[in-house]
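Engineer:
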Amino acid sequence: MEQHTTYTDITHDDSHGGGKKEIWKVTIILSVLTVVELALGFWMMDMQDDSLEKHVVKGVIVILMLAKAFYIVGYFMHLKHEIRNFIMTVVVPMGLFVWFIIAFLSDGNSFKNLRNEYNKEYVRRTTQPSPLVKTEESEKKEEKKGGQE
Amino acid sequence: MSTTTATATSPKYWGGGRSPFNVEYGKVMMWYFLMSDAFTFGAFLIAYGTTRFSANGWPNPNEVFQSYPGGTHAPLVFVSIMTFILIISSVTMVLAVQAGHNMNRRGVVINLVLTILGGLAFLSCQAWEWTHLFHEGAWWGRNPFPNSNGSLGHQDFTNFFFTITGFHGFHVFSGVVINVVMLIMTLSGVFDKRGHYLMIEKAGLYWHFVDLVWVFVFTCFYLI
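These protein sequence lines are chains A and B, in that order.
Count along the first sequence from 1, then add 23; that gives the number in my numbering.
Count along the second sequence from 1, then add 20; that gives the number in my numbering.
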């Protein structure tokens, strides 16, 4: 009998958060974050590759991306209104990503540095304009380069 | 009654006779499945990031993805439409779940139909984009787009693009199929007979996860 009541507790539990108001609030937040991301994306287009400011803008975009993920998981997927123990079983394993990202990206970077140091042919092939690249694009490139110099 | 049990002291959750997480079994399992799926997508995206970090040159996404049906030279425009379609379909899914909470069958049906339409719209956009890129010469193993420094395009650019957006598109497709099944079950009154619409919540979790993954894919491929 006890089991029966708890089952109905779960199925009809409307105690935790929600409401139409919250849905619309989160929708607006997600839309605004997306618009800001897009604005940054458009703004970033004219910046030079590998310049500090471009990296900073990319960092800001990643932070906004994580904010969007938080709102989707927390409110749309309702995780914020679940019991703390349950939240932890989902969120704590995600902490592995911190290590994954740091380890793998730095490994990629190290591979780049090693190849650039020991394989000069590779450097030439990957950093200089290729004659095989379509003329239309290379013309555009030249125009851009001319503008920067 | 429900509030008193929900605010019970924590040892009682593990005292037996009730769900210690106050979540239905199927929903817990859906969460853990999505967690494993998150690691799959995470592995894909980290592999992409590692390759990009190891490369001297990479195609400029603003030059590759600058087309929309009937035009070109509009970077980010088409993909932002796709993003908004997915966000809106996520909202209608939340509304469907909420209607289910209130046992409002009509509300569930309307919002599920809207969600399905959103999913189909997204898939159509993706189909158009893939076809367009294919006609430009891009496919697995073929990259016609030069790196932004003018050197020959990195081969893995298209490999990662088609693999990851394809895997995501497959998730959208299966999400649409799940939602269609939910719609049929709702229309035939299965949930009313059952006394609850919990199944819609599980389908909803999956659908939101699809939206969540797109947030990452969109940022990693089109913006950065």
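Virtual Cβ for every residue (Gly too), placed ideally from N, Cα, C.
The structure displayed is predicted, hence computed values, not measured ones.
Would you please state the rounded distance, in angstroms, between the beta carbons of Thr149 (chain A) and Gly77 (chain B)? I believe it to be under 8 Å.
Structural biologist: Position 126 of the first sequence, counted from the first residue, corresponds to residue 149 (chain A). Position 57 of the second sequence, counted from the first residue, corresponds to residue 77 (chain B). At roughly 5 Å, the Cβ-Cβ gap stays under 8 Å, so Thr149 (chain A) and Gly77 (chain B) are in contact.
Engineer: Evaluate the contact criterion for the stretch 215 to 230 of chain B versus the stretch 60 to 79 of chain A: three or more CB pairs, one atom per stretch, below 8 Å.
Structural biologist: Not touching, per the Cβ criterion.
Engineer: By the DSSP assignment, the alpha helix (DSSP H) with Val196 (chain B) in it spans what residues?
Structural biologist: The residue you call residue 196 (chain B) lines up with position 176 of the second sequence. It spans 176 to 207 - the alpha helix (DSSP H) in which Val196 (chain B) sits, taken as one unbroken run.
Engineer: If you pair each beta-carbon of the stretch 168 to 180 of chain B with each one of the stretch 77 to 91 of chain B, do three or more pairs fall below 8 Å?
Structural biologist: Touching, per the Cβ criterion.
Engineer: Do Phe98 (chain B) and Tyr88 (chain B) have their beta-carbon atoms positioned less than 8 Å apart in this structure?
Structural biologist: Indexing the second sequence from 1 puts residue 88 (chain B) at position 68. Indexing the second sequence from 1 puts residue 98 (chain B) at position 78. Yes, the pair counts as a contact, with Cβ atoms nearer than the cut-off.
Engineer: Give the DSSP-derived three-state secondary structure of Tyr68 (chain B) in the structure shown.
Structural biologist: Here residue 68 (chain B) corresponds to residue number 48 of the second sequence, with the count starting at 1. Reduced to three states, the DSSP call for Tyr68 (chain B) is helix.
Engineer: In terms of DSSP beta bridges, what is Arg162 (chain B) paired with?
Structural biologist: Counting from one through the second sequence, the residue named residue 162 (chain B) turns up at place 142. According to DSSP, which records beta bridges pairwise, Arg162 (chain B) is partnered with B:Trp159.
Engineer: Examine the Cβ distances between the stretch 202 to 220 of chain B and the stretch 33 to 43 of chain B and report whether three or more of them are shorter than 8 Å.
Structural biologist: No, the stretch 202 to 220 of chain B is not in contact with the stretch 33 to 43 of chain B.
Engineer: Is any beta-carbon of chain B found at less than 8 Å from that of Lys91 (chain A)?
Structural biologist: Counting from one through the first sequence, the residue named residue 91 (chain A) turns up at place 68. Closer than 8 Å: yes.
Engineer: From this set, A:Ser54, A:Leu53, A:Met100, A:Lys81, which residue's C-alpha is nearest Trp66 (chain A)'s C-alpha?
Structural biologist: Counting from one through the first sequence, the residue named residue 66 (chain A) turns up at place 43. Measuring from the Cα of Trp66 (chain A), the nearest candidate turns out to be A:Lys81.
Engineer: When we look at the beta-carbon of Asn131 (chain B) and count the other beta-carbons within 10 Å, is it buried (16 or more) or exposed?
Structural biologist: Reading the second sequence from its first residue, position 111 is the one you call residue 131 (chain B). When all chains shown are included, Asn131 (chain B) counts as buried.
Engineer: How big is the Cα-Cα spacing for Ala223 (chain B) and Thr70 (chain B)?
Structural biologist: Taking the first residue of the second sequence as position 1, residue 223 (chain B) is located at position 203. Taking the first residue of the second sequence as position 1, residue 70 (chain B) is located at position 50. So the alpha carbons of these two residues sit roughly 33 Å apart.
Engineer: Given Trp159 (chain B), which residues of its chain have a CB within under 6 Å of its CB, disregarding the five upstream and five downstream residues?
Structural biologist: If you number the second sequence from 1, residue 159 (chain B) lands on position 139. Around Trp159 (chain B): no qualifying Cβ.
Engineer: Within the stretch 37 to 114 of chain B, note down every full alpha helix (DSSP H) run reaching 4 residues or more, in order along the chain.
Structural biologist: Listed in chain order, the complete alpha helix (DSSP H) runs (minimum 4 residues) inside the stretch 37 to 114 of chain B are 45 to 74, 81 to 84.
Engineer: Using the C-alpha atoms, what's the distance from Ser133 (chain A) back to Leu172 (chain B)?
Structural biologist: Your numbering for residue 172 (chain B) matches position 152 in the second sequence. Your numbering for residue 133 (chain A) matches position 110 in the first sequence. Each residue's Cα considered, the two are about 22 Å apart.
Engineer: Leaving out five residues before and five after Pro40 (chain B) in sequence, what residues of the same chain have Cβ atoms less than 8 Å from its Cβ?
Structural biologist: For this step, residue 40 (chain B) is matched to residue 20 along the second sequence. The answer, listed in chain order, is Tyr33, Trp34.
Engineer: At what residue ranges does the stretch 52 to 95 of chain A contain a whole run of the alpha helix (DSSP H), taking only runs of 4 or more?
Structural biologist: Listed in chain order, they are 75 to 94.
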